[in-house]
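J.:
In my numbering, the protein residues as written are 3 to 865.
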């Protein structure tokens, strides 16, 4: 009986999985043909090839099953031990904290490990980032030097020592990421002459027919290094038809987003990540120029971005597998089932929502109901990490909204967001206090570094030069602190909106607004200073045993993350780093634990990630960003659908207040002062955010050419409270019937997109009235059209340019177009003074300011 028949019998008797057996049959037929020259020995040789394949496949499956089972045992143990902020067992909140850190979890999360790994990888390629970091419009710098980088990565010598140094670091880091992915359950074979992964432009690929795509790639491929997944052998040993089919499948998969060649299976548990990083590495080019040519024609990422994105993707995948197993979706489903079992065996009192904390009410009727509700939210959180939540239903509509409309509104409306970020100072100080650092020193360093950065930028602009790496960046880079915005475009925009950034004209405009306004630098420095000062605090405590280290560091940072006294003794033995710029300042850098030769590699990596995750989690309290939980709470509807895009637009800028609620309030409600959470949490939080909101409000008024508002009025403080909580636009309605952009409460609640559409509709109505020839209607239309253009002026609304553009450009146009504009401006100014109380030192319609701002207006004085 031939092996083919044996395999068919195995399928019929269900001794082998059908898919594996069919692959073995295909391989047997292929190898039988390949060994035909052996005559009677061909069948034996082909059978040997098949048994090797089956043995390898069986080993892979057994390893994956073992690692998944190991992860599930750990998940069950973590959920059983988890206690919420009240000290009661609650597997539901524990399940959510498997994906995103929470104050009460003593185990690591996917997001925490992902951030720690990404931070470590970026440190390893710091020279590459310093050379090609993202510029003010979201492009990588020095693109002319990138081809040599790709050639050196490929092993082609260019004679460019800088390119070789960067390529060596990138290759070593990619190899390190591969090894750590394998240790977590991945299956990525080592490849010599590494080819960078492609980030395909699906539109461009879709426009090219299959024959053109195949012809472009065929002769550029190194078929000796591309493995045929059907035979597990190089394509050099396969037929020409098999190669053509292989490239055709790739073309169809790119066009379809990966679904073209997916076999239906009925499985709902999700795809294993184990081989996800081996599948995309199938294209290997003969030369670096082959990769460069195809990337130029079909790709969307330059080589620098390809390296950075690949490493960040590896960090994400490895983090998911470390926490949830090689099949993260299956791991999360197991967590839900384990939590349901615990809810029935030992039910708990359902968690009260933060907003209902002192009412004794819960959002859930039972512990099991809480598990199922939290499980649904947690699945959405995981989808946000792995990108599934961003897959659109209608590509064209989704692209129009997310790549066009919303980023354009960001560019037009967030030019003053930097002034709102001033309130971060309070959060920074509060977070320093919770880690045992000195709040005053942390705030002083942040402000000092900001001023240093401003000075360097001013000198650079004055000399018409560019500063590739300023002193602040260099100082932090020596500590392994790499600014996230240097390698991740849109990171600051995501802080406010929670929406991913992709390249495009409008996205670059919004990126320019974020960077030109100073918000990117402000955020980078704040996040960097927090890490630097925390590293310094760790160094100050390194000489002390567990019982003697600063109580906040021990009780609020280390112990809650599961770091034990024994582990602290290992951590504090790590050599301290002394900065050459200030040798008296020493730092304990978590990533240096991984580099220690005296520790087993697994232990060194685990401790490094555990400590770095703890610090990065605390940093979220210092400089709040859009949380996964906040995004999952408000995510309703799929991208690309009418409902999904409407809700996404309605919730623009509203993720930030949810982040404050879940992160800041959630953390503060975890602590008590003399048994009272209200005094420990609500009062300090409200005071902190209100003071920050007051400062931001006054800065914004002066930036618009107005005197500060009267701080002796209660309504000012109510607006400041909303401003500090991230809902400043709604504070406008405590004064007037319109917000700062001219919209009413309904359009504000519905979101910026709806508000803009409403304004556009009113403008169309005005235009139709003007067509009838009435002079007043024509004047009103022209005046309103100029006002509408002002609101959508893109980067012209930057906080330091806004008043000047308003007076010199928009007001001048209005005065030219409308003879009654002077009277209308005066009436509007009078109405505004009546509603808000503060006058203007640079009145509308005037080319120059009439005086300096009247600071006494803050205390009730009138000009």
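Glycine included, every Cβ here is placed at the ideal spot set by N, Cα and C.
Note that the structure is a prediction, hence the values are computed from the model and not measured.
Just confirm the distance between the C-beta atoms of residue 479 and residue 128, as a whole number of angstroms; I'd bet it's less than 8 Å.
T.: The pair is a contact, with the Cβ atoms about 5 Å apart (cut-off 8 Å).
J.: Compare the beta carbon distance of residue 219 and residue 228 with 7 Å and say whether it is the shorter of the two.
T.: No; because the gap between Cβ atoms is not below 7 Å, this pair is not in contact.
J.: DSSP three-state label for residue 843, please.
T.: Three-state DSSP puts residue 843 in coil, outside helix and strand.
J.: Buried or exposed for residue 111, going by 16 or more other Cβ atoms inside 10 Å?
T.: Residue 111 comes out buried.
J.: Going by beta-carbon coordinates alone, are residue 781 and residue 822 separated by less than 7 Å?
T.: In this structure, residue 822 lies closer than 7 Å to residue 781 by Cβ.
J.: Is there contact between the region 790 to 800 and the region 511 to 518, where contact requires at least three CB pairs shorter than 8 Å?
T.: Taking 8 Å as the limit for Cβ pairs, the verdict is that the region 511 to 518 does touch the region 790 to 800.
J.: To which residues does DSSP link residue 202 through a beta bridge?
T.: DSSP output for residue 202 lists 301 as bridge partner(s).
J.: Closest to residue 48 by C-alpha separation, out of 761, 32, 567, 855, would be which residue?
T.: Measuring from the Cα of residue 48, the nearest candidate turns out to be 32.
J.: Between the C-alpha atoms of residue 456 and residue 776, what's the straight-line distance to the nearest angstrom?
T.: Each residue's alpha carbon lies about 52 Å from the other.
J.: Please state if the CB of residue 300 and the CB of residue 225 are separated by a distance shorter than 7 Å.
T.: No; because the gap between Cβ atoms is not below 7 Å, this pair is not in contact.
J.: Assuming residue 249 contacts residue 216 under a Cβ cut-off of 8 Å, what Cβ separation, rounded to an integer in Å, is found between them?
T.: Contact flag correct, Cβ pair sits at about 4 Å.
J.: May I ask you to verify whether the region 530 to 545 touches the region 586 to 602, counting CB pairs closer than 8 Å and requiring at least 3?
T.: Touching, per the Cβ criterion.
J.: With burial defined as no fewer than 16 other Cβ atoms inside 10 Å of the residue's Cβ, what is the status of residue 475: buried or exposed?
T.: Counting Cβ neighbours within 10 Å, residue 475 comes out buried, since at least 16 surround it.
J.: For a cutoff of 7 Å on Cβ pairs, would you count residue 117 as touching chain C?
T.: In the structure shown, chain C cannot be found, because there is only a single protein chain.
J.: Could you tell me which of 176, 800, 725, 804 sits nearest to residue 515, measuring between CA atoms?
T.: Cα-wise, what sits closest to residue 515 is 800.
J.: Identify every residue that forms a DSSP beta bridge with residue 236.
T.: Answer is 229.
J.: Can you tell me the Cβ-Cβ gap for residue 120 and residue 239, rounded? I've got them flagged as a contact below 8 Å.
T.: Contact doesn't hold; Cβ gap of about 39 Å is too wide.
J.: What would DSSP say about residue 215, mapped onto helix, strand or coil?
T.: Here residue 215 sits in helix by DSSP.
J.: In this structure, what does DSSP give as the bridge partners for residue 287?
T.: Paired residue(s): 223.
J.: Residue 1 and residue 722: beta carbons closer than 7 Å?
T.: This structure does not reach residue 1, given that the chain is present from 3 up to 865, and the question cannot be answered.
J.: When DSSP labels each residue in this structure, what does residue 470 get in the three-state scheme?
T.: Since pLDDT at residue 470 reaches only 48, below the 50 mark, its modelled position is unreliable, and the value read off the structure follows with that caveat. The answer is coil: DSSP assigns residue 470 none of H, G, I, E or B.
J.: May I have the straight-line CA-CA distance separating residue 135 from residue 486, to the nearest angstrom?
T.: Using only the alpha carbons, I get a separation of about 10 Å.
J.: If you measure between the beta carbons of residue 303 and residue 152, is that distance less than 7 Å?
T.: No, Cβ-Cβ distance for residue 303 and residue 152 is not below 7 Å.
J.: Would you grab the beta carbon distance between residue 529 and residue 621 for me? Rounded to a whole angstrom, and I think it's under 8 Å.
T.: Contact holds; Cβ gap of about 6 Å.
J.: I need the boundaries of the beta strand (DSSP E) containing residue 586, first residue and last residue.
T.: Residues 584 to 589.
J.: Per DSSP, what kind of secondary structure is residue 79 in: helix, strand or coil?
T.: The answer is helix: DSSP assigns residue 79 an H, G or I state.
J.: Should residue 182 and residue 320 be called a contact, given that it needs their Cβ atoms to be closer than 7 Å?
T.: Yes; because the gap between Cβ atoms is below 7 Å, this pair is in contact.
J.: Hey, how far is the Cα of residue 295 from the Cα of residue 555?
T.: C-alpha separation (whole angstroms): 52 Å.
J.: Assign residue 566 to one of two classes, buried (16 or more other C-beta atoms within 10 Å of its C-beta) or exposed (fewer than that).
T.: Exposed, because fewer than 16 other Cβ atoms sit within 10 Å of the Cβ of residue 566.
J.: Mind the definition here: the region 855 to 864 touches the region 708 to 716 only if three or more C-beta pairs lie below 8 Å; say whether that holds.
T.: The region 855 to 864, when compared against the region 708 to 716, does touch it at the 8 Å Cβ threshold.
J.: Just grab the DSSP bridge partners of residue 579 for me.
T.: Note: residue 579 sits in a beta bridge opposite 589.
J.: Going by C-alpha distance, which of 138, 130, 378 is nearest residue 148?
T.: Among 138, 130, 378, the Cα nearest to that of residue 148 belongs to 130.
J.: Taking the alpha helix (DSSP H) that residue 852 belongs to, which residues open and close that run?
T.: No alpha helix (DSSP H) contains residue 852, which DSSP labels as neither H nor E.
J.: Pull up the DSSP beta-bridge partners for residue 85, would you.
T.: 91.
J.: So, is residue 316 buried or exposed, given that buried needs 16 or more other C-beta atoms within 10 angstroms?
T.: Buried: at least 16 other Cβ atoms inside 10 Å.
J.: What do you reckon, are the CB atoms on residue 133 and residue 144 nearer than 7 Å?
T.: Going by C-beta atoms, residue 133 is nearer than 7 Å to residue 144.
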